[in-house]
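Here is the structure we will look at, set down as structure tokens.
There are 2 protein chains.
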Amino acid sequence: MFRPTIRDVARKAGVGIGTVSRVLNNSPKVTPETRQAVLAAIAELGFRPNTIARQLPRRTRLHNIGVVTQPFINYQAFAAQMRGLQLGLYDYDSKRYEMVLYSVRSLAHFDEQLTAIVRTGTVDGLIIIDFDLLDEQKQMLRDAGLPFVGLNHLQDADWPCIGADNHLGGYLAASYLLDLGHTDIAYLGDEFVDTFEFKTSGQRYEGFRRALAERGLPAKDEYVRLGFHDYDVAIELATELLRLPDPPTAIFAMCDMQALACLDAARRLGLRVPEAVSVMGFDDLETSYHVGLTTVRQHFEPAGRLAVQYLLALIDGAPPPPPVLPPPEVIPRQTTRPLAGKGAV
Amino acid sequence: MFRPTIRDVARKAGVGIGTVSRVLNNSPKVTPETRQAVLAAIAELGFRPNTIARQLPRRTRLHNIGVVTQPFINYQAFAAQMRGLQLGLYDYDSKRYEMVLYSVRSLAHFDEQLTAIVRTGTVDGLIIIDFDLLDEQKQMLRDAGLPFVGLNHLQDADWPCIGADNHLGGYLAASYLLDLGHTDIAYLGDEFVDTFEFKTSGQRYEGFRRALAERGLPAKDEYVRLGFHDYDVAIELATELLRLPDPPTAIFAMCDMQALACLDAARRLGLRVPEAVSVMGFDDLETSYHVGLTTVRQHFEPAGRLAVQYLLALIDGAPPPPPVLPPPEVIPRQTTRPLAGKGAV
DNA sequence: ATAAGCTGTGGAAACGTTTCCACGCTCATA
DNA sequence: TATGAGCGTGGAAACGTTTCCACAGCTTAT
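Going down the list, the sequences are from chains S and L.
Just so you know, numbering that gives the first Met the number 0 puts 176 at position 177 of the first sequence, and the rest follows in order with no gaps.
Just so you know, numbering that gives the first Met the number 0 puts 329 at position 330 of the second sequence, and the rest follows in order with no gaps.
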């Protein structure tokens, strides 16, 4: 198929290629008549600028943003975040940005991908989901002039991070269970620094512990179970908890996937939820609604959307929006209930 | 930051740029010693070929595949498909293909995106999820020499489509319910040709109807409820069915989302599942496991993976793998049960 | 009348690769 | 010794844009 180039357009419109380029890029220095003629030629030829050629000269906007992620730790959360990113891109539809997905398999692979992205220079900016950046990595991105925004971090780092306040979320969850009268509350989550060095679990646990401490309750070591982020592992940890001689009356799992595993474990042991044990998660996935899981909602979509807005502002050198999200909130459903009777023991 | 180019590498290695290019592209026509020298220079400079410049000369592989999709019809299915695509790309890791996401909002937008993709020529091939192609569109892609593979279609069209056999799936679902003794079975699904002109619902219904017909049962019109693909709409349709003077004893919903809506509707009406009514879906989402929904599993991940394999074969002019997937299969869970008693009425 | 400044325009150069042609070397063959 | 084929190599040309410099034509100030 014949693909007209900018030169064909110029010839047809009887102008120079520079003028066509200026029309394409909305330069003000073109008279209305010239612009009309060029636009007519463009329409007639069905011309579209070749985005690749457009990206070659170094100073140009590439109209690509990269998304770096380990997407398969949680399908539903990943999808919700992607949805948010798309919504953000729709907001800036006229800029015609596209999204390039870099999926990462390990921490080493992450560094490798990051280096490759910088070296090959195919994106205008980067959204980094979940991963934390080392100082060298930040420096590398800054040296390359590549703006970057994090998604799913606490906002206290030295780079813009948009995500749920994990500490507060953990605090709210524990407070909710405490208000129901529970005192023997277990925490089930990832290692505080996991394979990918995600620190989410530690942050949520901190909030959890603070809520207990405020009410003068210690966090019992045997009630804290940490393991690799995986459904089957979570089932095992939950089973251990439920089989303790003095089992907890409530479990707070650091994510819904693990909370669902708790439900599964209880079912396999013949324990009823919430009668025998209350279970609470964190995320508010689609599944949680259908299962009736009490959880802490974090706002995946708004976060993704905000991350895009923030990044595009950085790219354009505009003032970025305040990186403020609605705070996490407890969504009470059917897997928790007030502690009955035991208080009187 | 200084980005070394192929010329820097050539100078350092004391060879010509052509030789460096040949090393980069694994041409056999380089002596081992020369190759070593070039590789050493590449390593020393930390050189990475600029992927954009690499894409400019027209005959080149672009190392991009485009994915065109309406991603938000079903989050979980979308995520599973993406996962499959990523797995497929991992299989061909050495080729370093990347994925560019084109998300589509409407049928008109689909055509627009397709035209833009062809005109700007930024991808080597296209995976088209769910959407059907018009003859003109197929022709346009063929004229442009752009290979394309469909994901989620029946395999009888005149282009390679990888997806569940919807007809068979519908047939299996109905057969399963019939084997349980049900005869009053409702079908709940999308319009047979919906907003996006997806024909999935019609295909699944055809299989469903054939199973009934084989046992000499007519499909009662009042038991067929079609509507826009949306949770709330599905709840309404399900409520209508359950409120019929002579309600069905089983409902087959054309997707799990709608089946979950049936469960929700039954709950709101105070009806127990499966005691009052059996409910069966199609997809086997994550949620379905947790909810215990009987369903027909379609193999999203293998499908995505196969689609990538197929497309990369087309791009390379190699013989594509047979586009054969494991057939859909019924996954019995807790939302269906044998019809008890009613047969004796 | 001349100089200076401004505006719109044309087109060469640059971006970093791949491709392709030409060249020189080696080795087999006549 | 002369010829031809084959192989590895060098580097110019090409890809389609943007950028930037130069210039023509005007207006305004001197």
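Backbone N, C-alpha and C fix where the C-beta goes; we use that ideal spot for every residue, glycine too.
Computed from a prediction, not measured in an experiment: that's the story for all the values here.
- Sorting L/53, L/279, L/257, L/78 by C-alpha distance to the C-alpha of residue 233 of chain L places L/257 at the top.
- The three-state secondary structure of residue 329 of chain S, taken from DSSP, is strand.
- Classified as exposed, residue 89 of chain S has fewer than 16 neighbouring CB atoms from the shown chains inside 10 Å of its CB.
- In the structure shown, the three-state DSSP call for residue 109 of chain L is helix.
- Under the DSSP assignment, residue 101 of chain L falls in the beta strand (DSSP E) whose first and last residues are 97-102.
- The alpha-carbon separation between residue 62 of chain L and residue 97 of chain L amounts to approximately 6 Å.
- No residue range can be given for residue 323 of chain S, since it is assigned to no alpha helix (DSSP H) and is classified by DSSP as neither H nor E.
- Residue 16 of chain S sits in a helix when the DSSP states are folded into three classes.
- Where residue 309 of chain L is concerned, the enclosing alpha helix (DSSP H) starts and stops at 299-315.
- In terms of CA proximity to residue 43 of chain S, S/9 leads the group S/31, S/9, S/27.
- Listed along chain L are 63, 97, 98, 99, 100, each with a C-beta nearer than 9 Å to that of residue 99 of chain S.
- Inclusion of residue 150 of chain L and residue 184 of chain L in the CB contact set at 8 Å is not warranted, their separation being larger than that value.
- Straight-line spacing of the CA atoms in residue 323 of chain S and residue 124 of chain S works out to 20 Å.
- Excluding five sequence positions before and after residue 109 of chain S, the CB atoms of its chain that fall closer than 6 Å to its own CB belong to 103, 130, given in chain order.
- In its chain, beyond the 5 residues on either side, 16, 19, 20, 23, 46, 48 have a beta carbon closer than 8 Å to the beta carbon of residue 5 of chain L.
- Non-local C-beta neighbours of residue 196 of chain L in its own chain, meaning closer than 7 Å and more than five positions away in sequence, comprise 106, 131, ordered along the chain.
- Neighbourhood of residue 285 of chain L in chain S, by CB distance below 8 Å: 74, 75, 286, in chain order.
- For chain S, the residues of the region 34-52 of chain L that bring a beta carbon within less than 8 Å of one of its beta carbons are 45, 46, 47, 48, 49, 50, 51, 52, in chain order.
- Contact residues of the region 290-303 of chain L toward chain S are 290 (C-beta to C-beta distance below 7 Å).
- Taking a cut-off of 8 Å on C-beta distances, the region 166-176 of chain L touches the region 198-217 of chain L, as three or more cross pairs fall below it.
- As the crow flies, the alpha-carbon of residue 271 of chain S is around 26 Å from that of residue 337 of chain L.
- Take the alpha-carbon of residue 240 of chain L and the one of residue 288 of chain L: they are about 25 Å apart.
- Nearest neighbour of residue 66 of chain S by Cα position, chosen from S/27, S/113, S/91, turns out to be S/113.
- Taken through DSSP and simplified to helix, strand or coil, residue 291 of chain S comes out as coil.
- The residues 149, 150, 151, 152, 153, 154, 297, 302, 324, in chain order, have a CB closer than 8 Å to that of residue 162 of chain S in the same chain once the five nearest residues on each side in sequence are set aside.
- Against chain S, the beta carbon of residue 83 of chain L has no neighbour under 8 Å; the closest one sits roughly 11 Å away.
- The C-beta of residue 120 of chain S comes closer than 8 Å to at least one C-beta of chain L.
- Taking 8 Å as the upper bound for CB-CB distance, residue 216 of chain S and residue 224 of chain S are not in contact here, some 18 Å apart.
- For residue 178 of chain L, no beta strand (DSSP E) encloses it; the enclosing alpha helix (DSSP H) starts and ends at 165-178.
- Neighbours of residue 54 of chain S in chain L, taken as residues whose beta carbon is under 8 Å from its own, are 51 in chain order.
- Inside the region 180-243 of chain S, DSSP marks whole beta strand (DSSP E) runs of 3 or more residues at positions 184-189, 223-226, from first to last along the chain.
- Note on geometry: alpha-carbon atoms of residue 32 of chain S and residue 52 of chain S lie some 27 Å from one another.
- Following the DSSP letters along the chain, one finds residue 279 of chain L inside the beta strand (DSSP E) bounded by residues 277-279.
- Considering only L/7, L/254, L/190, L/206, the residue with the shortest C-alpha distance to residue 285 of chain L is L/254.
- In chain order, 79, 82, 83 place their CB closer than 6 Å to the CB of residue 300 of chain L, counting only its own chain and leaving out the 5 sequence neighbours on each side.
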